[in-house]
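So the sequence lines, in the order shown, correspond to chains A and B.
Note that the first sequence covers residues 481 to 684 in this note's numbering.
Note that the second sequence covers residues 698 to 950 in this note's numbering.
What follows is a short report on a single structure.
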Amino acid sequence: MIGIVEYGSGNVTAIANVLATSNTPHRRVSKPADLDAVDRLILPGVGAFDAVMQRLGESGLRDGLEKAVHVDAKPVLGICVGMQVLSSSSEEGSLPGLGWIPGRVKRIDETRLTSKPKLPHMGWNSIRLSGEPGLFQGIDLEHGFYFLHSFCFECESPESEIAFATYGNEFSVAVRNGNVYGVQFHPEKSHRNGTRLIANFAEL
Amino acid sequence: MLRPRIIPSLLMTEGRLVKTRNFKDPKYVGDPINAVRIFNEKEADELAVFDISATRNGQGPNFRLIEDIAAQCRMPLCYGGGISTAEEARRIIDFGVEKIAVNSAAFAQPSLVAEIATRVGAQSVVVVLDATEVGPGKYTAVSRESTFAKGTDIAAMAARFAGEGAGEIVINNIDRDGTMAGYDLALVRQVRDSIDLPITVLGGAGSLDDIRDLVATFGIIGAAAGSLFVLKGKLRAVLISYPRREEMRFGAG
Numbered sequence: 481m482i483g484i485v486e487y488g489s490g491n492v493t494a495i496a497n498v499l500a501t502s503n504t505p506h507r508r509v510s511k512p513a514d515l516d517a518v519d520r521l522i523l524p525g526v527g528a529f530d531a532v533m534q535r536l537g538e539s540g541l542r543d544g545l546e547k548a549v550h551v552d553a554k555p556v557l558g559i560c561v562g563m564q565v566l567s568s569s570s571e572e573g574s575l576p577g578l579g580w581i582p583g584r585v586k587r588i589d590e591t592r593l594t595s596k597p598k599l600p601h602m603g604w605n606s607i608r609l610s611g612e613p614g615l616f617q618g619i620d621l622e623h624g625f626y627f628l629h630s631f632c633f634e635c636e637s638p639e640s641e642i643a644f645a646t647y648g649n650e651f652s653v654a655v656r657n658g659n660v661y662g663v664q665f666h667p668e669k670s671h672r673n674g675t676r677l678i679a680n681f682a683e684l
Numbered sequence: 698m699l700r701p702r703i704i705p706s707l708l709m710t711e712g713r714l715v716k717t718r719n720f721k722d723p724k725y726v727g728d729p730i731n732a733v734r735i736f737n738e739k740e741a742d743e744l745a746v747f748d749i750s751a752t753r754n755g756q757g758p759n760f761r762l763i764e765d766i767a768a769q770c771r772m773p774l775c776y777g778g779g780i781s782t783a784e785e786a787r788r789i790i791d792f793g794v795e796k797i798a799v800n801s802a803a804f805a806q807p808s809l810v811a812e813i814a815t816r817v818g819a820q821s822v823v824v825v826l827d828a829t830e831v832g833p834g835k836y837t838a839v840s841r842e843s844t845f846a847k848g849t850d851i852a853a854m855a856a857r858f859a860g861e862g863a864g865e866i867v868i869n870n871i872d873r874d875g876t877m878a879g880y881d882l883a884l885v886r887q888v889r890d891s892i893d894l895p896i897t898v899l900g901g902a903g904s905l906d907d908i909r910d911l912v913a914t915f916g917i918i919g920a921a922a923g924s925l926f927v928l929k930g931k932l933r934a935v936l937i938s939y940p941r942r943e944e945m946r947f948g949a950g
C-alpha cells in the first residue's frame, strides 16, 4: 500500500490517478495515524522551497514521516520540490530541508554551462542513468520525462545521484540514499514513462 | 536533450470548450474533461487551457472545474483566465497545475507577476502577451485592462515581465487566431531577442509544417495551437488530434 502524503502541496489526485491506472493499492496520508497502513510513501511538492517546508511543518506529519523513513525504513519517493526538500538546504529558501539525502539544492549554474539555455528548464528531456536501472526499469530514457525547475540537487555523496539530464550542462535529476528516493521531473505528468516509474517504485 | 514542446491550446467559456476566429464566432468543440482524456491518450507534451469568460464576466477562475481538469490531466498543464491575486494562483498550483498564466491582471498591475512568483516559484508563472501588428513589423500587446501598456513595443513588454520574475512568455498573435495562416516568425524573433526565458508561440498554426518551421528557425521552443488540434478540414469539423511521436522528430534544435 502506497501512501501519498497530502499536506497541501502538489498533485495528490494526479498521482492517485496514475496509481489507479496501474491497479496499485494506494491511499492518502493526511494525519500521522494514516502512516501505519502504508508500506511506502510518495512525497509530492510544488512551488517555492520554503512554502513546501512550511506546509510540511504545519501538517503535523513531520515526526510520523521521520519514523516511517528512518525507523520503519519504508521507501519514500519525493517528486519535484518534494525531491528538493529531501536535501539539507536550498539556495531558493532559508528554511532547512528534511536532510534525508545530504546535499544542497542550487540554482542551475549558468556560468558553468557549455551553452546558454533558457531557465527555467521546461519540457521533455532525455535522461542518463549512472548505474543499475532500478527505479528506471523498462523506461524509454531517450523520451525521458517532463521537467519544470530552475534548481537542481547536488548531493554530498556522488553515489546518491542516480540519473542525470543534460541541459546546457549535466545535473542530477534522480537521487537515492538507501530507502529515500527523489526525482526532479514529474512522473505523474510524464505519460507512459511516468506511470512505469511509479509502478517500479510500488514494486521496490 | 530537451525537445520542443507541442502544446494543444484549449479555449473555454462557461465551462465549455470553444474555438474562435480572431476571438469571435466561438464554435462549440466539446467538454474540457473529455478533451483532456483524449490528449492523455495521445500523450501530448503539455496542455494549455484558457478560460476566456473568467475575466470578461468578472467571476474569476472556476476553481472546481480547474481542479477536475488537473486531476484528469496526465500531462503538464498550464491554466489561464481570471487570475487576479497571488492567493488564487497558489490555490490553482496546489491542485497540481504546473503553470498559471496571467494577462489582464498583470497588465493592470505588473508587480502581480513578482508576487505570484514569490508564492509559487517563477517557473510556474506565465505571462500571455496578446500581440497585434500596429505598423509594418511593429507590434504591441493589447489588453482591456491596460493602462501602462498602450502602444508599448512588444519586446519592451516582454522584457518588463521577465524583469518582474515571469518564468515563461506566451506570444499570442491575436490577428492570426483561428486563421491557420502560419506563425508570425518576425514577431517571435522580436520577443525572443529581448528576453532570456522559455517562449511559447500561439496563433496561426495551420499544419505540422508550421510547427516544423518554427522549430527550424528558433530551436527549442513551445509551439501551441488551437484549431490545428481540435478542428479538421475546410468545414472546421470538430476532431481532436495530436501528432504521433515519429511525426515530431525534428532535425533542427
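By construction, the Cβ of each residue, glycine as well, lies at the ideal position given by its N, Cα and C atoms.
Remember, it's a predicted structure, so these values are computed and weren't measured experimentally.
List the residues of chain B that A/P667 touches, going by C-beta distances under 9 Å, in chain order. Numbered from 1 along the first sequence, position 187 holds the residue referred to as residue 667 of chain A. The premise fails here: A/P667 is roughly 10 Å from chain B at the closest Cβ pair, so nothing lies under 9 Å.
Is A/K598 close to chain E? Criterion is C-beta to C-beta, closer than 8 Å. No chain E is present in this structure, whose protein chains are A and B.
In angstroms with no decimal places, state the Cα-to-Cα distance between A/F633 and A/D530. Mapped onto the first sequence, residue 633 of chain A falls at position 153. Mapped onto the first sequence, residue 530 of chain A falls at position 50. Going from the Cα of A/F633 to the Cα of A/D530 covers about 15 Å.
Would you call the segment 895-909 of chain B and the segment 628-644 of chain A in contact, with 3 or more CB pairs under 8 Å? With fewer than three CB-CB distances shorter than 8 Å, the segment 895-909 of chain B does not count as touching the segment 628-644 of chain A.
Residues that B/Q887 contacts on chain A, provided the C-beta gap is smaller than 8 Å: Looking up residue 887 of chain B in the second sequence gives position 190. By Cβ distance, chain A contributes nothing, its closest Cβ being about 16 Å from B/Q887, past 8 Å.
Quick check on B/S924: does DSSP put it in helix, strand or coil? Here residue 924 of chain B corresponds to residue number 227 of the second sequence, with the count starting at 1. Helix, per DSSP.
Quick one: which chain A residues come within Cβ less than 8 Å of B/I790? As a working note, residue 790 of chain B is residue 93 in the second sequence. Taking a Cβ-Cβ threshold of 8 Å, the residues of chain A close to B/I790 are V526 and G527, in chain order.
How would you label B/Y880, buried or exposed, when you count the other beta carbons within 10 angstroms and need 16 or more for buried? Here residue 880 of chain B is taken as the residue at index 183 of the second sequence, counted from 1. In summary, B/Y880 is buried, with 16 or more beta-carbon neighbours lying within 10 Å of its beta-carbon over all protein chains present.
Report all residues from its chain with a CB closer than 7 Å to the CB of A/R685; omit the five preceding and five following residues, and keep chain order. The question about residue 685 of chain A has no answer here: the residues shown for chain A are numbered 481 through 684.
8 Å Cβ cut-off: residues of chain A touching B/R933: For the purposes of this step, residue 933 of chain B is taken as the residue at position 236 of the second sequence. The contacting residues do not exist; B/R933 stays about 29 Å from chain A at best.
Please give me, in chain order, every unbroken run of the beta strand (DSSP E) with length at least 3 that falls completely inside the segment 525-591 of chain A. Taken in chain order, the whole beta strand (DSSP E) runs of length 3 or more contained in the segment 525-591 of chain A are 556-559 and 583-587.
Since B/A922 meets chain A, which of its residues come closer than 8 Å, beta carbon to beta carbon? For the purposes of this step, residue 922 of chain B is taken as residue 225 along the second sequence, with counting starting at 1. None at all; the shortest Cβ gap to chain A is about 16 Å.
Pop quiz: A/R507 and A/M481 are said to be a contact at Cβ under 8 Å. What is the actual Cβ separation, rounded to whole angstroms? On the first sequence, position 27 is the one that residue 507 of chain A refers to. On the first sequence, position 1 is the one that residue 481 of chain A refers to. At roughly 6 Å, the Cβ-Cβ gap stays under 8 Å, so A/R507 and A/M481 are in contact.
Within the continuous alpha helix (DSSP H) that includes A/A682, where are the two ends? The residue given as residue 682 of chain A occupies position 202 in the first sequence. Membership of A/A682 in the alpha helix (DSSP H) is indicated by the continuous run H671 to A682.
What would DSSP say about A/L621, mapped onto helix, strand or coil? As a working mapping, residue 621 of chain A is identified with position 141 in the first sequence. Here A/L621 sits in coil by DSSP.
Tell me whether the beta-carbon of B/S706 lies closer than 8 Å to the beta-carbon of B/A922. Position 9 of the second sequence, counted from the first residue, corresponds to residue 706 of chain B. Position 225 of the second sequence, counted from the first residue, corresponds to residue 922 of chain B. Between B/S706 and B/A922, the CB-CB gap stays under 8 Å.
Out of A/E668, A/P576, A/T501 and A/E612, which one is the CA nearest neighbour of A/C560? To locate residue 560 of chain A, count along the first sequence from 1; it is residue 80. Measuring C-alpha to C-alpha distances from A/C560 to each of A/E668, A/P576, A/T501 and A/E612 identifies A/E668 as the nearest.
Can you check whether the CB of B/V927 is closer than 8 Å to the CB of B/K716? As a first step, residue 716 of chain B is located in the second sequence; it is residue number 19 there, counting from the start. As a first step, residue 927 of chain B is located in the second sequence; it is residue number 230 there, counting from the start. Yes, Cβ-Cβ distance for B/K716 and B/V927 is below 8 Å.
Is B/V839 helix, strand or coil when you go by DSSP? For the purposes of this step, residue 839 of chain B is taken as residue 142 along the second sequence, with counting starting at 1. If DSSP states are grouped into helix, strand and coil, B/V839 belongs with coil.
A/D620 versus A/R676: straight-line alpha-carbon distance, rounded: Position 140 of the first sequence holds residue 620 of chain A. Position 196 of the first sequence holds residue 676 of chain A. Going by the C-alpha atoms only, they are around 10 Å apart.
My output table needs one value for A/S510: the three-state DSSP class, helix, strand or coil. Position 30 of the first sequence holds residue 510 of chain A. Here DSSP, grouped into helix, strand and coil, assigns A/S510 to coil.
Find the residues of chain A that neighbour B/C770, judging by a C-beta separation of less than 8 Å, and give them in chain order. For the purposes of this step, residue 770 of chain B is taken as residue 73 along the second sequence, with counting starting at 1. Simply A494 and K669.
Could you work out which residue in B/D765, B/G778 and B/P773 is closest to B/V755 when comparing CA atoms only? In the second sequence, the residue the question calls residue 755 of chain B occupies position 58. Residue identity check: residue 755 of chain B is Gly in the sequence provided, not Val. For B/G755, the nearest C-alpha among the options comes from B/G778.
Determine which residues share a DSSP beta bridge with B/L899 and list them. Stepping through the second sequence from its first residue, residue 899 of chain B is reached at position 202. In the DSSP output, where bridge partners are listed per residue, B/L899 has B/N869.
Could you check whether the Cβ of B/R734 sits closer than 8 Å to any Cβ belonging to chain A? Translated into the one-based positions of the second sequence, residue 734 of chain B becomes position 37. It does not; no Cβ of chain A falls within 8 Å.
DSSP beta-bridge partners for A/N497? For the purposes of this step, residue 497 of chain A is taken as the residue at position 17 of the first sequence. None, per the DSSP bridge assignment.
Distance, Cα to Cα, B/G818 vs A/L521? Position 121 of the second sequence holds residue 818 of chain B. Position 41 of the first sequence holds residue 521 of chain A. So the two alpha carbons sit approximately 25 Å from each other.
For A/T493, collect the residues of the same chain with a Cβ closer than 6 Å to its Cβ; drop the 5 residues on either side in sequence, then sort them by chain order. Reading the first sequence from its first residue, position 13 is the one you call residue 493 of chain A. Excluding residues within five positions, none has a Cβ falling inside 6 Å.
Residue span of the beta strand (DSSP E) that contains A/N657, given as start and end: As a position in the first sequence, residue 657 of chain A is number 177, starting the count at 1. DSSP places A/N657 in the uninterrupted beta strand (DSSP E) bounded by N649 to N657.
With DSSP as the reference, please indicate the residues paired to A/Y487 in a beta bridge. On the first sequence, position 7 is the one that residue 487 of chain A refers to. Paired residues: none, contrary to the question.
Pull up the distance between the alpha-carbon of B/V733 and that of B/L936, whole angstroms please. By 1-based counting over the second sequence, the position of residue 733 of chain B is 36. By 1-based counting over the second sequence, the position of residue 936 of chain B is 239. Distance between B/V733 and B/L936, taken at the CA atoms: about 13 Å.
Hey, is the segment 743-758 of chain B in contact with the segment 902-912 of chain B, meaning 3+ C-beta pairs nearer than 8 Å? Taking 8 Å as the limit for Cβ pairs, the verdict is that the segment 902-912 of chain B does not touch the segment 743-758 of chain B.
Beta-carbon within less than 6 Å of B/P773's beta-carbon, same chain only, minus the 5 sequence neighbours each way: which residues are those? On the second sequence, residue 773 of chain B is found 76 positions in, with the first residue counted as 1. Around B/P773: E743 and E795.
With B/V822 and B/G860 assumed to form a contact (beta carbons below 8 Å), what rounded beta-carbon distance in angstroms separates them? Translated into positions along the second sequence, residue 822 of chain B becomes position 125. Translated into positions along the second sequence, residue 860 of chain B becomes position 163. The beta carbons of B/V822 and B/G860 sit about 13 Å from each other, so the pair does not count as a contact at 8 Å.
Use the C-beta contact count for A/H550: other C-beta atoms within 10 angstroms, 16 or more gives buried, fewer gives exposed. The residue given as residue 550 of chain A occupies position 70 in the first sequence. Exposed, by the Cβ-count rule.
Could you confirm whether any beta carbon from chain A is found closer than 8 Å to the beta carbon of B/M945? By 1-based counting over the second sequence, the position of residue 945 of chain B is 248. For B/M945, the answer is no, since every Cβ of chain A falls outside 8 Å of its Cβ.
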